[in-house]
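Just so you know, we're using full-length UniProt numbering here: the sequence shown kicks off at 1 and counts up by one.
Cβ coordinates follow ideal geometry from the N, Cα and C atoms, glycine included.
Note that the coordinates shown come from a computational prediction; the quantities given were computed from them, not determined experimentally.
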Amino acid sequence: MTGAPPPDVLERLNIRAGEALGGRVNRHWRVTCDGAPLVLRRWGAGRADVEYERALRAQVAALGWPAARDVSEVVEGEGALWSLAEWRPGRPRGRSPAEARARGRLMADFHEATRSLPLGPRPGWRDTPDILADPALDRAFGQAAPDEARLLLWHLHRARALLAQVDTAGLPQQPVHGDFTPWNLLYRGGRLSGVLDFELGRPACRVAEFALAWRGEHDEVLRGYAEVSPLSEAEWALITPVWWALLLEGAFRDLRAGRQDGGWTARMLRRRSALLPVDRYTGSRQ
């Protein structure tokens with residue numbers, strides 16, 4: 001496909017194309033309709049996932065949180081699905097420790113507000129225990145280049161051991177955003193004006209939210225969250241294996257698809273937190 005939305009999509013949605021806004025799984029453009037700014041999305045998923053996310057954002061917006069509301073139907077063009085949503089004004093805040101702590105407190109507020117939303121499983125997603133129990137990961141990682149194989153298999157085996165030490169039976173499932181990062185939270189005039197990117201939103205234990213929000217090193221996010229909503233001993237113990245499971249699932253999918261991530265997964269796996277210390281990977285044969 002080209003770098004611009006196809007003309008037939010623009011015509012069907014009655015919009016004019018503007019600047020590209022980027023995106024990892026889904027691609028976005030700022031567009032206008034009768035002079036008003038909107039966001040055009042080219043979905044990177046199938047219809048079931050598209051409708052799931054649209055419904056989730058609508059539910060969150062109905063609670064008063066500034067999630068972008070959809071303003072068009074979903075249309076097809078160039079082999080993909082497209083739709084329009086509100087333009088949310090504002091800019092991300094900084095990434096200082098104080099801002100990270102504030103983000104953790106906001107995350108706790110978000111969980112409290114959304115915990116009772118009726119939300120079924122997201123298509124194509126599986127939880128940490130299912131990821132770590134899959135023998136296909138062992139086979140795929142074992143076929144990787146030697147250094148990569150040792151790194152992935154070491155963290156897979158260690159994550160399994162950490163998970164086995166935790167009693168997860170009593171931990172409830174609730175909606176999580178999935179990517180509660182600074183760039184997905186917009187502010188205007190000192191107030192939250194946008195919560196973006198629900199492509200990882202799903203029901204999970206609330207610790208699953210910490211994976212991409214914490215990323216193995218942003219301890220102030222965890223401290224801020226715990227100020228508002230204290231974590232149980234089991235939840236603290238789950239944070240590292242949940243984070244590693246997310247990384248290992250991504251590595252598994254990349255290996256199957258023949259994709260390279262430029263070393264991102266390896267860098268993330270090697271991170272260690274002062275708040276949640278675990279043994280370090282030495283790179284030796286283990």
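Task: CB contact flag (Ala251, Leu152, <8 Å) - done: Start at 1 with the first residue of the sequence shown, and residue 251 comes out as number 251. Start at 1 with the first residue of the sequence shown, and residue 152 comes out as number 152. With contacts defined by Cβ atoms closer than 8 Å, Ala251 and Leu152 form a contacting pair.
Open item on the list: Rounded to the nearest angstrom, what separates Gln286 and Asp138 at their Cα positions?
Closed with: Taking the first residue of the sequence shown as 1, we reach residue 286 at position 286. Taking the first residue of the sequence shown as 1, we reach residue 138 at position 138. At Gln286, the pLDDT of 47 sits below 50, so the modelled position is not reliable; the number obtained from the coordinates is stated separately. Near 14 Å, if we compare the C-alpha coordinates of Asp138 and Gln286.
Open item on the list: According to DSSP, His28 sits in a beta bridge with which residue or residues?
Closed with: Taking the first residue of the sequence shown as 1, we reach residue 28 at position 28. In the DSSP assignment, His28 is bridged to Gly22 and Arg41.
Task: Same chain only: Cβ atoms within 6 Å of Arg42, ignoring 5 sequence neighbours per side - done: The residue given as residue 42 occupies position 42 in the sequence shown. Closer than 6 Å at the Cβ level, and outside the excluded window around Arg42, lie Arg27, Ala80 and Trp82.
TODO: Write down the C-beta distance between Gly90 and Tyr187 rounded to the nearest angstrom, noting that I regard them as a contact closer than 8 Å.
DONE: Here residue 90 refers to the residue found at position 90 of the sequence shown. Here residue 187 refers to the residue found at position 187 of the sequence shown. For a cut-off of 8 Å, the C-beta gap from Gly90 to Tyr187 is around 5 Å, short enough to register as a contact.
Open item on the list: As an exercise, report each continuous beta strand (DSSP E) stretch of at least 3 residues that is fully enclosed by the region 67-119, in chain order.
Closed with: Within the region 67-119, complete beta strand (DSSP E) segments of at least 3 residues are found at 75-77 and 80-86, given in chain order.
Task: Paired residues, beta bridge with Gln174 - DSSP - done: Numbered from its first residue, the sequence shown carries residue 174 at position 174. Its beta-bridge partners are Ala204.
Open item on the list: When you compare the CB positions of Gln174 and Pro203, do they come within less than 8 Å of one another, or not?
Closed with: To locate residue 174, count along the sequence shown from 1; it is residue 174. To locate residue 203, count along the sequence shown from 1; it is residue 203. Judged by beta-carbon spacing, Pro203 lies within the 8 Å limit of Gln174, meaning their Cβ atoms are closer than that value.
TODO: Determine contact between the region 109-121 and the region 51-68, defined as no fewer than three beta-carbon pairs at a distance below 8 Å.
DONE: Contact between the region 109-121 and the region 51-68 is present, because at least three Cβ pairs lie under 8 Å.
Task: Beta-carbon proximity of Arg16 to Val31, cut-off 8 Å - done: The residue given as residue 16 occupies position 16 in the sequence shown. The residue given as residue 31 occupies position 31 in the sequence shown. Yes, the pair counts as a contact, with Cβ atoms nearer than the cut-off.
Task: Val221 beta carbon less than 8 Å from that of Gly104 - done: Locating residue 104 in the sequence shown gives position 104, where the first residue counts as 1. Locating residue 221 in the sequence shown gives position 221, where the first residue counts as 1. In contact: Gly104 and Val221 (Cβ atoms closer than 8 Å).
- [ ] Taking Arg126 as part of the alpha helix (DSSP H), name the residues at either end of that continuous run.
- [x] The count along the sequence shown starts at 1 and reaches residue 126 at position 126. No alpha helix (DSSP H) holds Arg126; DSSP gives it neither H nor E.
Task: Residue of Pro182, Pro123, Val207 and Glu73 minimising C-alpha distance to residue 287 - done: What is shown of the chain runs 1 to 286, which leaves residue 287 out entirely.
- [ ] Can you tell me which of the three DSSP states Val195 falls into?
- [x] The residue you call residue 195 lines up with position 195 of the sequence shown. Assigned with DSSP and collapsed to three states, Val195 falls in strand.
- [ ] Please list, in chain order, all residues of the same chain as Tyr225 whose beta carbon is under 6 Å from its beta carbon, the five residues on each side excluded.
- [x] Along the sequence shown, read from residue 1 onward, the residue named residue 225 stands at position 225. Excluding sequence neighbours, Tyr225 sits near Gly104, Met107 and Ala108.
Open item on the list: Looking only at its chain, what residues have a beta carbon closer than 6 Å to the beta carbon of Trp65, apart from the 5 residues adjacent to it on each side?
Closed with: Here residue 65 corresponds to residue number 65 of the sequence shown, with the count starting at 1. Cβ neighbours of Trp65 beyond the five flanking positions: Val195.
Task: Residue from Leu84, Ala237 and Leu192 whose Cα sits closest to the Cα of Phe210 - done: For the purposes of this step, residue 210 is taken as the residue at position 210 of the sequence shown. The residue with the shortest Cα to Cα distance from Phe210 is Ala237.
Task: Assigned secondary structure, Tyr52 (DSSP; H/G/I helix, E/B strand, else coil) - done: For the purposes of this step, residue 52 is taken as residue 52 along the sequence shown, with counting starting at 1. Helix.
Task: Alpha-carbon to alpha-carbon, His218 and Pro97 - done: Residue mapping note: residue 97 aligns to position 97 of the sequence shown, counting from 1. Residue mapping note: residue 218 aligns to position 218 of the sequence shown, counting from 1. Here the alpha carbon of Pro97 sits roughly 8 Å from the alpha carbon of His218.
Open item on the list: Less than 8 Å between the beta carbons of Thr240 and Leu162, yes or no?
Closed with: Taking the sequence shown and counting its residues from 1, one reaches residue 240 at position 240. Taking the sequence shown and counting its residues from 1, one reaches residue 162 at position 162. Contact: yes.
Task: Boundaries of the alpha helix (DSSP H) in which Tyr281 is found, first to last residue - done: Position 281 of the sequence shown holds residue 281. Counting along the chain, Tyr281 falls outside any alpha helix (DSSP H), and DSSP gives it neither H nor E.
- [ ] Would you mind sorting Ala100 into buried or exposed? The rule is 16 or more other CB atoms within 10 Å of its CB.
- [x] Here residue 100 refers to the residue found at position 100 when the sequence shown is read from its first residue. By the neighbour-count rule (16 or more Cβ atoms within 10 Å), Ala100 is buried.
Open item on the list: Taking its Cβ as the centre, do 16 or more other Cβ atoms sit within 10 Å of Val60, making it buried, or is it exposed?
Closed with: Here residue 60 corresponds to residue number 60 of the sequence shown, with the count starting at 1. Val60 counts as buried, since at least 16 other C-beta atoms from the protein chains shown sit within 10 angstroms of its C-beta.
Task: Cβ separation of Arg88 and Ser232, assumed to be a contact under 8 Å, to the nearest whole Å - done: Here residue 88 is taken as the residue at index 88 of the sequence shown, counted from 1. Here residue 232 is taken as the residue at index 232 of the sequence shown, counted from 1. A Cβ-Cβ separation of about 34 Å leaves Arg88 out of contact with Ser232 under the 8 Å criterion.
Task: Cβ distance (whole Å) where Asp70 is taken to contact Ala85 below 8 Å - done: Sequence index remark: in the sequence shown, residue 70 carries index 70 (1-based). Sequence index remark: in the sequence shown, residue 85 carries index 85 (1-based). With a contact defined as Cβ atoms closer than 8 Å, Asp70 and Ala85 qualify at about 5 Å.
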